[in-house]
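Numbering (the numbering used here), first residue to last: 15 to 261.
Structure (structure tokens):
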């Protein structure tokens, strides 16, 4: 093949706010979260509200990765009861780089955007895992930082931004992001697209955006047991196709 030809690669990605592995029944159970995730056979999973390791305990990202045979990367935004706490990515693909962008605003909880660069058959794919704040003004400022971080022209290749945006209708963050990135419209793909709260979801807080040669093939919001009770969010599963130069 000539260097100008393109090849397509299919990936399965998931975004899931695991709520510290605490279900709607009040039980903290990482094994149950792993049971939700395992059937998806994902290549990469973006998690929010993850409790990291303590002096005598394993971090939730480590336990989930062990159960799913993946590699974990934790990006703590703050501490929770003495544990690092924030976003995490689980990957079945090689990871070439890990960065974070501080989204913290004075007077609000500390938050960040986690960048994980994956190698997919030797080609870079950039994944951005985010958890925005609960205030509209806070999210608007955070969205500007996220846009600057994700659209950095020095970073080339397909880019996927996903996570918990804490907006269930058109708001300051989603409007800003949609101006600069392509937004996944769940409506054509899903009969049920709300993701929060888990057992009787009323709001669509979790989103996926992308840039570059990315095509959304399928989308799925899991409403099976135990997903309905394992967290206060439901996971979004997307199968995507990326186009890269053939080697």
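Even for Gly, the Cβ is constructed at its ideal location relative to N, Cα and C.
Buried or exposed (CB count within 10 angstroms, at least 16 for buried), residue 79: The residue is buried, with at least 16 neighbouring Cβ atoms inside 10 Å.
Member of 143, 149, 110 and 119 whose CA lies at the smallest distance from the CA of residue 136: 110
Coil, strand or helix - residue 87 by DSSP: strand
CB contact flag (residue 245, residue 59, <9 Å): For residue 245 and residue 59, no; Cβs fall outside 9 Å.
Cβ neighbours of residue 259 in the same chain (closer than 6 Å, five flanking residues each side left out): none
For residue 253, the nearest candidate out of 23, 20 and 27 (CA to CA): Nearest C-alpha to residue 253: 27.
Boundaries of the beta strand (DSSP E) in which residue 138 is found, first to last residue: 137-145
Counted within 10 angstroms of its Cβ, other Cβ atoms place residue 162 as buried (16 or more) or exposed: exposed
Helix, strand or coil at residue 19 [DSSP, three-state]: coil
Endpoints, the alpha helix (DSSP H) within which residue 82 is located: DSSP places residue 82 inside the alpha helix (DSSP H), whose first and last residues are 74-82.
Simplified DSSP assignment, three categories, for residue 102: strand
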